[in-house]
Amino acid sequence: QKEVEQNSGPLSVPEGAIASLNCTYSDRGSQSFFWYRQYSGKSPELIMSIYSNGDKEDGRFTAQLNKASQYVSLLIRDSQPSDSATYLCAAPNAGGTSYGKLTFGQGTILTVHP
Amino acid sequence: SQTIHQWPATLVQPVGSPLSLECTVEGTSNPNLYWYRQAAGRGLQLLFYSVGIGQISSEVPQNLSASRPQDRQFILSSKKLLLSDSGFYLCAWSWTGTRETQYFGPGTRLLVL
Chain A
6 QKEVEQNSGP
16 LSVPEGAIAS
26 LNCTYSDRGS
36 QSFFWYRQYS
46 GKSPELIMSI
56 YSNGDKEDGR
66 FTAQLNKASQ
76 YVSLLIRDSQ
86 PSDSATYLCA
96 APNAGGTSYG
106 KLTFGQGTIL
116 TVHP
Chain B
-10 SQTIHQWPAT
0 LVQPVGSPLS
10 LECTVEGTSN
20 PNLYWYRQAA
30 GRGLQLLFYS
40 VGIGQISSEV
50 PQNLSASRPQ
60 DRQFILSSKK
70 LLLSDSGFYL
80 CAWSWTGTRE
90 TQYFGPGTRL
100 LVL
């Protein structure tokens, strides 16, 4: 079983819609979660981190964490074509902090069409 | 502020040739450092990580090696490249501590022919 799984996508939404990206993780002890955006041919860029149950908002982005369900999501409101990218979910490696090692999901490709 | 550099940006190498990729971080001291590989259309695979000078941990067996000769320098090497070594190599750093947030460099795209 993969430690971090993302909805496989690809996900296509019209401009202005809400894009919803989902991620589940297997380690109940995980305390922190990260969303990265990766444009084609570029390196991943951190867009959100979340450590507590509930919602965390940053501009058009909202991360949601539900530790009981081992589920973390990223909502992008008013999606723009510039949001088209691969979104990676990451959680600490199972077994503790392990020197800050992260496990990444396979990524969800998001396309926002005009 | 912190900055992470990688070079070269792209590299085309023949099978069997050696490899040396370099990563340096500015603006922080004693960072955790990581090397990842991303094959085309695939996820990120952690290759090596380091918590200090000379301290290297390998995540997967392979013909690659890593070294950390200075606090903010991380080098990925190979004596003989394989076709399967082609990919996008990413260096990342994080603060020592418990928050694990990693920040990536621009990457090196390697094509082995």
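Line by line, the protein sequences give chains A and B. Residues are numbered in the working numbering as their position in the first sequence, beginning at 1, plus a constant of 5. Letter 78 of the second sequence, counting from 1, is numbered 67 in the working numbering, and no numbers are missing. Backbone N, C-alpha and C fix where the C-beta goes; we use that ideal spot for every residue, glycine too. Predicted, not measured: the structure shown is a model, and the values here were computed from it.
In the displayed model, P58 of chain B falls within a strand according to three-state DSSP. For E11 of chain B, no CB of chain A lies under 8 angstroms from its own CB, so it is not counted at the interface with that chain. Minimum Cα-Cα distance from P119 of chain A among the listed residues A:Q11, A:A22, A:Q75 and A:E8 corresponds to A:A22.
In this structure, the alpha-carbon of R42 of chain A lies about 21 angstroms from that of G59 of chain A.
The Cβ-Cβ distance between T13 of chain B and R61 of chain B falls below 8 angstroms. Contacts with chain A (Cβ-Cβ distance below 7 angstroms) from the segment 66 to 97 of chain B involve L79, S83, T87, R88, E89, T90, Q91, Y92, F93, G94, P95 and G96, listed in chain order. If you draw a straight line from the Cα of A(-2) of chain B to the Cα of R98 of chain B, it is about 6 angstroms long.
In the assembly as shown, G94 of chain B is a buried residue. Its beta-carbon has 16 or more other beta-carbons within 10 Å.
The residues Q34, L36, G76 and Y78, in chain order, have a CB closer than 6 angstroms to that of R26 of chain B in the same chain once the five nearest residues on each side in sequence are set aside. With the rule of 3 Cβ pairs closer than 8 angstroms, the segment 67 to 75 of chain A counts as touching the segment 22 to 40 of chain A.
For S54 of chain B, the CB contacts under 6 angstroms within the same chain, skipping 5 residues up- and downstream, are S66 in chain order. Listed in chain order, the beta strand (DSSP E) elements of length 3 or more contained wholly in the segment 82 to 115 of chain A are 90 to 97 and 107 to 109. Taking 8 angstroms as the threshold, the shortest C-beta distance from L53 of chain B to chain A does not fall below it. Taking the CA atoms as reference points, G5 of chain B sits about 13 angstroms from L100 of chain B. Listed in chain order, the beta strand (DSSP E) elements of length 3 or more contained wholly in the segment 66 to 92 of chain B are 76 to 83.
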